[in-house]
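Structure record follows, encoded as structure tokens.
There are 2 protein chains.
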Amino acid sequence: MRSDAERNYARILSAAKTIVAKQGAQASLRDVARRAEVGMGTLYRHFPTREALLETLLRDRFEALAAKAAALESARDPFAALAEWLREFLSWTPFRGLASALMATLSDQESALHASCHAMRQAVGRLLARAQESGQVRPEVDSLDLFALVNAVGWVSEQAPDLAARQERLLGFVLDGLASQQDDADSRECR
Amino acid sequence: MRSDAERNYARILSAAKTIVAKQGAQASLRDVARRAEVGMGTLYRHFPTREALLETLLRDRFEALAAKAAALESARDPFAALAEWLREFLSWTPFRGLASALMATLSDQESALHASCHAMRQAVGRLLARAQESGQVRPEVDSLDLFALVNAVGWVSEQAPDLAARQERLLGFVLDGLASQQDDADSRECR
DNA sequence: TTGACAAGTGGAGCACTGCTCCGATTATAC
DNA sequence: GTATAATCGGAGCAGTGCTCCACTTGTCAA
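Line order of the protein sequences matches chains H and V. Everything in the first sequence is counted per the UniProt record's numbering, starting at 1 for the first residue and increasing by one. Everything in the second sequence is counted per the UniProt record's numbering, starting at 1 for the first residue and increasing by one.
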């Protein structure tokens, strides 16, 4: 890559990081270009779609989360490991619209983000399987359920500050819902 | 109201219903005006904000849901009543972006939608309280938790058709998470 | 050191958006 | 039939995503 191209690439990424953090995933790309002191053409040359830009911003973190999941696979308590990973996942909210972007990549195989978080999803899938094998999580839960619900909690947190403050609590409810249940609806009534 | 104004009001609402169902809450208002065969000025005269338009589209349904909640207050099994209401709530997905719009109204007291669904939220709050009094739902859950989680499930369903197909299932997990828990994390490990 | 030239740049331009404004129109009351 | 206030419609403004291409510039062989 030519040296000026490399410089611009870095400038764009840096500008995008700031602006996306402030305005969310729907930030104006013109604003990004402006802040990077670069033309629209240059921005689109380096990042042909908005998603490509977001993917580059997120890639490192996805890899780190995948690694974290891999490390937790050997933890003593599989359920606690799963819970820890989910908390870690949710603790990092770089911008509004992340949850939505992540859900969109599930069905869009072409998307840059799809490939980028595939490894992460696989790794957390193994965490889930371990928790199920140990009998701590309901067997009918699959990793799509898990991913959808944790993103749902993330989405709620994006909606308002007072909801973000409840994130831990909501995740707790969801985790309890995924955990193996001793009672069914009928026996619950008898308590 | 002048007769031509009344006619245009109805035309706009009818057009909005169709277009919002197709394009979601972010539908182009120009499209709505075009379909209603009305100028932009006319549309904005009747509905000064996009929210005002959505609110009018939703109002009837909110009232019906509030009534349904009120009716369920005398049900025999409070938990089943709550579950039934939540299922009813989720069964009606008039357009993409509804969940987000509803969450936004929570913090925005000025919004037309805020007033419009206040009664509904109060009614379902009473359903929740009954289920808690009967010991079927954890006492620490409040109606904001409930509203947030049910909207989160609704949001997930908006993201992809195969996720919409899991709506019942996801709601089930969430409901089990809100239900009174017999076991804590330690005892779960022993099973 | 100097061209040659591909690689890279930047911004004008198009079609769209939300929203405002105001001259033209029209339903209605007298 | 006319006065007039209510209503209408679309031009216009500032913004958006994205494309296109004339121009500039870094690189490298001569």
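Where is the CB? At the ideal position from N, CA and C, for every residue including glycine.
I'd like to know if residue i contacts chain H, where contact means its C-beta is closer than 7 Å to some C-beta of that chain.
| i | result |
| --- | --- |
| phenylalanine 173(V) | yes |
| phenylalanine 147(V) | no |
| valine 150(V) | no |
| serine 107(V) | yes |
| arginine 90(V) | Residue identity differs from the one stated: residue 90(V) is leucine in this sequence, not arginine. Not an interface residue. |
| leucine 163(V) | yes |
| methionine 1(V) | no |
Here's the rule I'm using: 16 or more other beta-carbon atoms within 10 Å means buried, otherwise exposed. How should residue i be labelled?
| i | result |
| --- | --- |
| serine 111(V) | buried |
| glutamate 6(V) | exposed |
| residue 221(H) | Residue 221(H) cannot be examined here, being either before or after the span of chain H that is shown, 1 to 191. |
| threonine 49(V) | exposed |
| methionine 1(V) | exposed |
| glutamate 51(V) | buried |
| glycine 154(H) | buried |
| tryptophan 85(V) | buried |
| alanine 10(V) | exposed |
| methionine 40(H) | exposed |
| serine 100(H) | buried |
| isoleucine 19(V) | buried |
| glutamine 182(V) | exposed |
| arginine 188(V) | Because arginine 188(V) carries a pLDDT of 46, less than 50, the predicted location of this residue cannot be relied on, and the following value inherits that uncertainty. It counts as buried. |
Tell me the DSSP secondary structure of residue i in three-state form.
| i | result |
| --- | --- |
| residue 194(H) | Here chain H comprises residues numbered 1 to 191, so residue 194(H) is not present and cannot be evaluated. |
| aspartate 186(H) | With a pLDDT of only 46 at aspartate 186(H), under 50, the local geometry of the prediction cannot be trusted, and no value is derived from it. |
| alanine 27(V) | coil |
| alanine 165(H) | coil |
| alanine 131(V) | helix |
| residue 209(H) | In the structure displayed, chain H extends from 1 to 191; residue 209(H) sits before or after that span and is not available. |
| alanine 179(V) | strand |
| methionine 1(H) | coil |
| glutamate 63(V) | helix |
| glutamine 109(H) | coil |
| arginine 96(H) | coil |
| valine 38(V) | coil |
| phenylalanine 89(V) | helix |
| serine 74(V) | coil |
| aspartate 145(V) | helix |
| phenylalanine 47(H) | coil |
Could you check the C-alpha separation between residue i and residue j for me, to the nearest Å?
| i | j | result |
| --- | --- | --- |
| isoleucine 12(V) | serine 157(V) | 28 Å |
| glycine 25(H) | leucine 98(H) | It is alanine, not glycine, that sits at residue 25(H) in the sequence shown. Cα to Cα, alanine 25(H) sits roughly 7 Å from leucine 98(H). |
| glutamate 63(H) | aspartate 77(V) | 47 Å |
| arginine 96(H) | alanine 165(V) | 26 Å |
| aspartate 108(H) | alanine 115(H) | 10 Å |
| arginine 34(H) | arginine 61(H) | 26 Å |
| alanine 185(V) | alanine 71(H) | For alanine 185(V), the pLDDT reaches just 46, beneath the cut-off of 50, and the residue's location in the model is therefore unreliable, leaving the point undetermined. |
| leucine 178(H) | glutamine 122(V) | 28 Å |
| leucine 127(H) | leucine 106(V) | 35 Å |
| alanine 129(H) | alanine 27(H) | 38 Å |
| arginine 87(H) | arginine 30(V) | 43 Å |
| glutamine 136(H) | phenylalanine 79(H) | 6 Å |
| leucine 175(H) | aspartate 145(H) | 12 Å |
| cysteine 117(H) | aspartate 142(V) | 34 Å |
| leucine 58(H) | serine 91(H) | 14 Å |
| proline 75(H) | glutamine 132(H) | The displayed chain sequence assigns alanine, not proline, to residue 75(H). Going by the C-alpha atoms only, they are around 14 Å apart. |
| asparagine 151(V) | serine 180(V) | 21 Å |
| glutamine 167(V) | serine 3(V) | 44 Å |
| leucine 65(H) | methionine 120(H) | 6 Å |
| alanine 83(V) | glutamate 140(H) | 20 Å |
| alanine 56(V) | alanine 69(V) | In the sequence as presented, alanine is not what sits at residue 56(V); that position holds threonine. Spanning the two alpha carbons is a distance of roughly 21 Å. |
| alanine 81(H) | alanine 160(V) | 29 Å |
| valine 124(V) | leucine 43(H) | 49 Å |
| leucine 113(V) | lysine 22(V) | 21 Å |
| phenylalanine 89(H) | asparagine 8(V) | 50 Å |
| alanine 148(H) | phenylalanine 147(V) | 17 Å |
| leucine 53(H) | serine 134(V) | 51 Å |
Would you say residue i faces chain V, with C-beta separation under 7 Å as the test?
| i | result |
| --- | --- |
| glutamine 167(H) | no |
| alanine 160(H) | yes |
| aspartate 4(H) | no |
| leucine 178(H) | yes |
| methionine 103(H) | yes |
| tryptophan 85(H) | no |
Give, in chain order, every residue of the stretch 58-82 of chain V whose Cβ lies closer than 9 Å to some Cβ of chain H. Residues Asp77, Phe79 and Ala80.
What residues from the stretch 9-40 of chain V come within 7 Å of chain H, judged by C-beta to C-beta, listed N to C? Here the close residues number zero.
Residues within the stretch 109-141 of chain V neighbouring chain H, beta-carbon criterion of under 9 Å: Listed by position, the residues of the stretch 109-141 of chain V near chain H (Cβ gap below 9 Å) are Ser134, Gly135, Gln136, Arg138, Glu140 and Val141.
Could you run through the stretch 42-53 of chain V and flag, in chain order, every residue whose CB is less than 8 Å away from some CB of chain H? Against chain H - using a Cβ distance shorter than 8 Å - the stretch 42-53 of chain V contributes no residues.
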